[in-house]
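Enquirer: Quick one: structure below, then a few questions.
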Amino acid sequence: MIKNETMIPPMANTAPLVKIAPKKVDPRNPEKYAISKTIDWESRAGKFGWEYIDTCCIYPIPFVYRNGRKFCSAAMFSIKILSNFENALNNEVHSCFKVLSYPMTQAEAKLFDEINNFHCNGYMGAYSFTPNDIMLTLEDVKELFGFVQVCYNVLVKNQTNCNGTGKVGFVKIGDISMVPYVNPGCYVTTCYVPLFYFEGENECLSSKSVVAHTWNLAYLKFCFKLQGIRPQLYEGNTCKVVKLCELQKYFPASTSFRFDWPKYDAKKFLNPPKDKKENPVILNHQMAQVTENKDYKTMILPFFGKNVRCINLRPSEFTTLVLSLGELYTLFFYNVSKEVFCYALKRSKLSLYPPNRHQMIELYRNISKPLDFLDFLVLVKDVSECIGDLKKYSGL
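For what it's worth, our numbering labels the leading residue of the sequence shown as 28, then goes sequentially.
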């Protein structure tokens with residue numbers, strides 16, 4: 028699914044068009060020029076940032092800079108954001124795309140360690156980054172998240188778009204043909220269909236076709252697999268496509284074009300559910316040992332007419348209390364969708380804290396679950412000050 032970066036050798040017998048005089052080294056800071064020549068000089072300087080990868084994500088992902096471009100840790104992205112999707116989707120989905128990866132330098136690995144330990148409350152636990160870890164560009168991270176989310180919604184939630192404004196879908200031509208489309212702009216006028224579906228009209232349409240590649244091709248491959256198309260027809264790295272509105276000109280005016288989805292077997296693309304009884308006994312023993320740690324305790328606190336379950340933010344310090352977003356959502360915002368709740372959280376600008384391992388075990392003693400956005404913690408004091416805004420932005 029992810030391949031390593033390949034280095035292209037320089038062309039032989041080439042000379043620079045413009046001769047550039049070498050920079051003079053500042054005798055007061057001789058290492059400054061040497062650092063600036065390395066690809067990770069920004070990480071050596073400790074420069075990093077945060078960005079939301081999608082509107083539905085309430086917690087941003089950290090990134091470092093390399094030659095001005097933004098790169099994310101593949102491990103952090105996969106374990107903390109993609110894990111719920113990847114556990115459900117099998118290789119039939121993963122084989123639809125390829126992502127170029129880049130190995131970390133020592134400076135970049137060190138900076139990601141600092142981000143994990145000092146800037147996000149040990150979000151990755153005791154994970155230690157090394158040059159063996161890989162990075163993905165922030166652009167690919169956003170595209171990959173969007174792609175996997177679409178596949179998950181189609182296969183697991185059975186959410187299909189039938190109005191032509193989704194990222195991907197099918198159009199039924201007449202009463203027989205079902206043709207997939209990819210929609211980069213998410214408008215009806217920006218739907219593109221693969222050219223090889225129309226053998227008789229190839230010569231006429233070829234001049235108006237464009238090439239789909241990378242992520243647009245990944246969406247088409249997903250549709251090809253849903254439809255059961257032979258892999259030999261789409262095994263390349265590109266696919267010629269043509270706008271649906273151009274294609275319609277070659278059909279009689281009476282021909283109907285209707286957005287629809289074919290019947291498909293979602294089980295072919297999903298991993299079998301894990302048996303909860305297969306959890307090893309040693310895991311329960313380890314959890315029992317950790318829960319004996321008295322650094323964190325759950326407490327019941329009267330809060331706006333409800334009893335909420337809180338936990339201390341810092342070990343052995345029980346004056347600053349936090350509650351999980353799941354507790355807040357279940358008690359006060361159960362009448363709205365999670366998407367609306369996320370929107371209200373962003374508008375209210377509440378500070379969120381990822382729980383550490385001890386807090387997770389204390390909050391969910393008998394539950395083994397991956398980290399979800401509702402598990403993030405928020406100060407009780409902040410919620411009491413902003414609950415009016417939260418309800419207003421939620422429409423309550």
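Think of the CB as a built atom: it goes at the ideal place given N, C-alpha and C, for glycine as much as any other residue.
Bear in mind the structure is a predicted one, so any value in this text is a computation, not a measurement.
Below 7 Å between beta carbons: does that hold for phenylalanine 98 and threonine 164?
Expert: In the sequence shown, residue 98 corresponds to position 71, counting from 1. In the sequence shown, residue 164 corresponds to position 137, counting from 1. Taking 7 Å as the Cβ cut-off, phenylalanine 98 and threonine 164 qualify as a contacting pair.
Enquirer: Does DSSP put alanine 101 in a helix, a strand or coil?
Expert: Here residue 101 is taken as the residue at index 74 of the sequence shown, counted from 1. In the structure shown, alanine 101 adopts helical secondary structure according to DSSP, grouped into three states.
Enquirer: Could you tell me the boundaries of the beta strand (DSSP E) in which tyrosine 219 lies?
Expert: Walking along the sequence shown from the start, residue 219 turns up at place 192. Tyrosine 219 -> beta strand (DSSP E) spans 219–221.
Enquirer: Can you list, in chain order, the residues of its chain with a C-beta nearer than 8 Å to that of serine 378? Leave out the 5 residues immediately preceding and following it.
Expert: Taking the first residue of the sequence shown as position 1, residue 378 is located at position 351. So the list reads Val405, Leu406 and Asp409, once near-sequence residues are dropped.
Enquirer: Which of helix, strand or coil does DSSP assign to glycine 353?
Expert: For this step, residue 353 is matched to residue 326 along the sequence shown. DSSP places glycine 353 in helix when its eight states are reduced to three.
Enquirer: Can at least three beta-carbon pairs, one atom from the stretch 169–188 and one from the stretch 129–139, be found at a separation below 8 Å?
Expert: no
Enquirer: Inspect the beta-carbon positions of aspartate 402 and serine 351 and report whether they are closer than 7 Å.
Expert: In the sequence shown, the residue the question calls residue 402 occupies position 375. In the sequence shown, the residue the question calls residue 351 occupies position 324. When the beta-carbon positions are compared, aspartate 402 and serine 351 come within less than 7 Å of each other.
Enquirer: Please classify aspartate 167: does DSSP put it in a helix, a strand, or coil?
Expert: Here residue 167 is taken as the residue at index 140 of the sequence shown, counted from 1. Looking at aspartate 167 - three-state DSSP - the assignment turns out to be helix.
Enquirer: Evaluate tryptophan 77 with the Cβ neighbour count: other Cβ atoms within 10 Å of its Cβ, from every protein chain shown; 16 or more gives buried, anything less gives exposed.
Expert: The sequence position of residue 77 within the sequence shown is 50, counting from 1. When all chains shown are included, tryptophan 77 counts as exposed.
Enquirer: Have a look at Lys235, Tyr214, Ile108 and Pro211 and flag the residue whose alpha-carbon is nearest the alpha-carbon of tyrosine 222.
Expert: As a position in the sequence shown, residue 222 is number 195, starting the count at 1. Here the sequence assigns leucine to residue 222, which means tyrosine is not the residue at that position. Closest option to leucine 222, Cα to Cα, is Lys235.
Enquirer: Thinking threonine 187 and tryptophan 68 are a contact (beta carbons under 8 Å), I'd like their distance in whole angstroms, please.
Expert: Walking along the sequence shown from the start, residue 187 turns up at place 160. Walking along the sequence shown from the start, residue 68 turns up at place 41. In fact, because the Cβ distance is near 47 Å, the residues do not count as touching under 8 Å.
Enquirer: What number of angstroms, rounded off, separates the C-alpha of lysine 303 from the C-alpha of glycine 95?
Expert: Here residue 303 refers to the residue found at position 276 of the sequence shown. Here residue 95 refers to the residue found at position 68 of the sequence shown. Residue placement at lysine 303 is poorly supported in this model, since its pLDDT is 45, which falls under 50; the coordinates still yield a value, given next. The alpha-carbon atoms of lysine 303 and glycine 95 are separated by roughly 46 Å.
Enquirer: Going by beta-carbon coordinates alone, are cysteine 213 and threonine 241 separated by less than 7 Å?
Expert: Here residue 213 is taken as the residue at index 186 of the sequence shown, counted from 1. Here residue 241 is taken as the residue at index 214 of the sequence shown, counted from 1. No, the Cβ-Cβ distance between cysteine 213 and threonine 241 is not below 7 Å.
Enquirer: According to DSSP, simplified to helix, strand and coil, what is proline 258?
Expert: If you number the sequence shown from 1, residue 258 lands on position 231. Looking at proline 258 - three-state DSSP - the assignment turns out to be helix.
Enquirer: On the three-state DSSP scale, how would you describe tryptophan 68?
Expert: Within the sequence shown, residue 68 is the residue found at index 41, counting from 1. Reduced to three states, the DSSP call for tryptophan 68 is helix.
Enquirer: Using alpha carbons as the reference points, say which of Glu273, Ser70, Lys107 and Arg71 lies closest to proline 87.
Expert: The residue labelled residue 87 in the question sits at position 60 within the sequence shown. For the residues Glu273, Ser70, Lys107 and Arg71, the minimum Cα distance to proline 87 belongs to Lys107.
Enquirer: Among Tyr154, Ser411 and Val126, which has the Cα closest to the Cα of phenylalanine 139?
Expert: Locating residue 139 in the sequence shown gives position 112, counting from the first residue. Of Tyr154, Ser411 and Val126, the residue nearest in Cα terms is Tyr154.
Enquirer: Under 8 Å: do the stretch 188–207 and the stretch 245–257 share three or more Cβ pairs, one atom per stretch?
Expert: yes
Enquirer: Is DSSP giving alanine 239 helix, strand or coil here?
Expert: The residue you call residue 239 lines up with position 212 of the sequence shown. Alanine 239 falls in the strand class under three-state DSSP.
Enquirer: Rounded to whole angstroms, what is the Cα-Cα separation between leucine 390 and tyrosine 370?
Expert: Along the sequence shown, read from residue 1 onward, the residue named residue 390 stands at position 363. Along the sequence shown, read from residue 1 onward, the residue named residue 370 stands at position 343. Each residue's alpha carbon lies about 25 Å from the other.
Enquirer: For phenylalanine 156, I'd like the list of residues in its chain whose CB is within less than 6 Å of its CB, leaving aside the five on either flank, ordered along the chain.
Expert: As a position in the sequence shown, residue 156 is number 129, starting the count at 1. The residues are Ala136, Phe139 and Asp140.
Enquirer: Determine the DSSP secondary structure at aspartate 19, reduced to helix, strand or coil.
Expert: The question about residue 19 has no answer here: the residues shown for the chain are numbered 28 through 423.
Enquirer: Cβ of alanine 293 within 7 Å of Cβ of valine 268?
Expert: Within the sequence shown, the letter at position 266 stands for residue 293. Within the sequence shown, the letter at position 241 stands for residue 268. Going by C-beta atoms, alanine 293 is not nearer than 7 Å to valine 268.
Enquirer: When we look at the beta-carbon of valine 215 and count the other beta-carbons within 10 Å, is it buried (16 or more) or exposed?
Expert: Locating residue 215 in the sequence shown gives position 188, counting from the first residue. Exposed: under 16 other Cβ atoms inside 10 Å.
Enquirer: May I ask which residues mark the beginning and end of the beta strand (DSSP E) holding valine 91?
Expert: Working through the sequence shown from its first residue, we reach residue 91 at position 64. Residues 88–93.
Enquirer: Quick check on this structure: which residue in Ile66, Lys74, Asp81 and Ala72 has the alpha carbon closest to the alpha carbon of lysine 373?
Expert: Start at 1 with the first residue of the sequence shown, and residue 373 comes out as number 346. Asp81 is the residue among Ile66, Lys74, Asp81 and Ala72 whose C-alpha sits nearest the C-alpha of lysine 373.
Enquirer: Give a yes or no on whether the C-beta atoms belonging to serine 110 and isoleucine 161 are separated by under 7 Å.
Expert: Here residue 110 refers to the residue found at position 83 when the sequence shown is read from its first residue. Here residue 161 refers to the residue found at position 134 when the sequence shown is read from its first residue. Cβ atoms of serine 110 and isoleucine 161: not closer than 7 Å.
Enquirer: To the nearest angstrom, how far is the alpha carbon of tyrosine 361 from that of phenylalanine 90?
Expert: Within the sequence shown, the letter at position 334 stands for residue 361. Within the sequence shown, the letter at position 63 stands for residue 90. Rounded to the nearest angstrom, the two C-alpha atoms are 34 Å apart.
Enquirer: Give me the Cα-Cα distance between leucine 328 and valine 349, rounded to the nearest whole angstrom.
Expert: The sequence position of residue 328 within the sequence shown is 301, counting from 1. The sequence position of residue 349 within the sequence shown is 322, counting from 1. Looking at the two C-alpha atoms, the distance is approximately 11 Å.
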